[in-house]
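Just so we're aligned, residue 6 is where the sequence shown starts under the numbering used here, counting upward by one.
Glycine is no exception: its CB is placed at the ideal position from the N, C-alpha and C atoms.
No experiment lies behind these values; they were computed from the predicted model shown.
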Amino acid sequence: MTARENYSATESLRDGRGIEIRALRPDDKDDMLAAIGRTGAQSLQRRFFVAKRGFSEKEVAFFMNIDFADHVALVALAEEDGRKVIVGGGRYIVTEPGKAEIAFVVIDDYQGQGIGTLLMRHLAVIARKAGLKELIAEVLPENAAMRKVFSKFGFHVRRGSDPQVVHLAFTL
C-alpha cells in the first residue's frame with residue numbers, strides 16, 4: 006500500500022463539527038451509494054452534467070476501483086448516530102502526463118460547510134507529491150459554490166471545447 010491509499014486527516018467544518026478526510030476504500034461501496042442517495046438531483050446534475058439518480062454496475066466499478074496513481078479519490082466522513090458516514094467526496098483522474106481532472110460532490114445537508122475546500126486542499130497536496138503540474142476542472146456556469154472553491158485555490162478560466170461548461174485550470 007502507498008501513503009495515498011492510507012491517507013487520512015482530521016479537519017473541522019465551519020460549524021465546528023469534526024470531519025475525517027481519507028482515502029476511498031473498497032469497502033466504502035455501500036456507504037458511497039447511500040451518500041449518492043442522500044444527494045439531491047440538482048447537486049448530482051451539477052457534478053455529472055446530466056440528470057442522475059443512480060449508477061450502473063460499470064459506473065460503480067469505475068468510481069470504486071481506485072489505483073491511487075492515475076485515479077485518486079478521497080471521502081469526507083462525518084459522525085451521524087454514532088457512526089461515520091460519507092458526506093462528500095473528491096477525486097482526480099490523470100488525463101495526460103502531469104495533468105489531472107478534479108471533481109467533487111457533497112451531499113446537500115453538508116453543503117456550505119467547507120467540505121469542497123477541504124477536499125480540494127487535500128487532493129492538491131496529494132497531486133503535488135505525485136508530481137502533477139496542473140489540475141483541470143469543468144463546472145456548469147450556475148454552480149457558483151464550486152466555482153468559488155476553485156477560485157480560492159487560484160484556478161483560472163481557460164478556453165474549452167464545450168461553451169456550455171466553464172473550463173478551469175490550476176498550476177500546481
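In chain order, what residues of the same chain have a beta carbon less than 8 Å from the beta carbon of Arg19, not counting five sequence neighbours either side? For this step, residue 19 is matched to residue 14 along the sequence shown. So the list reads Gly117, Gln118, Gly119, once near-sequence residues are dropped.
Return the CA-CA distance between Gly21 and Glu64, expressed in angstroms with no decimal places. Counting from 1 along the sequence shown, the entry for residue 21 is found at position 16. Counting from 1 along the sequence shown, the entry for residue 64 is found at position 59. Spanning the two alpha carbons is a distance of roughly 34 Å.
If we count the other Cβ atoms within 10 Å of its Cβ and call it buried at 16 or more, is Ile24 buried or exposed? Taking the first residue of the sequence shown as position 1, residue 24 is located at position 19. Burial call: buried.
In angstroms, rounded to a whole number, what distance separates the CA positions of Arg43 and Asp113? Against the sequence shown, residue 43 aligns to sequence position 38. Against the sequence shown, residue 113 aligns to sequence position 108. Each residue's alpha carbon lies about 7 Å from the other.
Measuring CA to CA, which of Met151, Asp75, Asp72, Ala14 is closest to Phe109? Residue numbering aside, residue 109 sits at position 104 when the sequence shown is read from its first letter. Proximity to Phe109 across Met151, Asp75, Asp72, Ala14 peaks at Met151, based on C-alpha coordinates.
State yes or no: is the C-beta of Ala105 within less than 8 Å of the C-beta of Leu140? Your numbering for residue 105 matches position 100 in the sequence shown. Your numbering for residue 140 matches position 135 in the sequence shown. For Ala105 and Leu140, yes; Cβs fall inside 8 Å.
Grab me the residues of Leu177's own chain with a C-beta within less than 7 Å of its C-beta, minus the 5 sequence neighbours each way, in chain order. In the sequence shown, the residue the question calls residue 177 occupies position 172. Ala129, Ala132, Arg133, Leu137, Lys138, Glu139, Leu140.
Range of the contiguous beta strand (DSSP E) that encloses Leu79: Your numbering for residue 79 matches position 74 in the sequence shown. That run of the beta strand (DSSP E) goes 76-85.
Taking the alpha carbon of Tyr12 as the point to measure from, which residue in Asp33, Asp32, Ala39, Phe73 has its own alpha carbon closest? What you label residue 12 is simply residue 7 of the sequence shown in a count that begins at 1. The option with the nearest alpha carbon to Tyr12 is Phe73.
Any Cβ of chain C within less than 8 Å of the Cβ of Lys138? Any reference to chain C falls outside this structure, which holds one protein chain only.
Can you round the beta-carbon distance between His76 and Arg96 to whole angstroms, since I take them to be within the 8 Å contact cut? As a working note, residue 76 is residue 71 in the sequence shown. As a working note, residue 96 is residue 91 in the sequence shown. 7 Å between Cβ atoms; contact.
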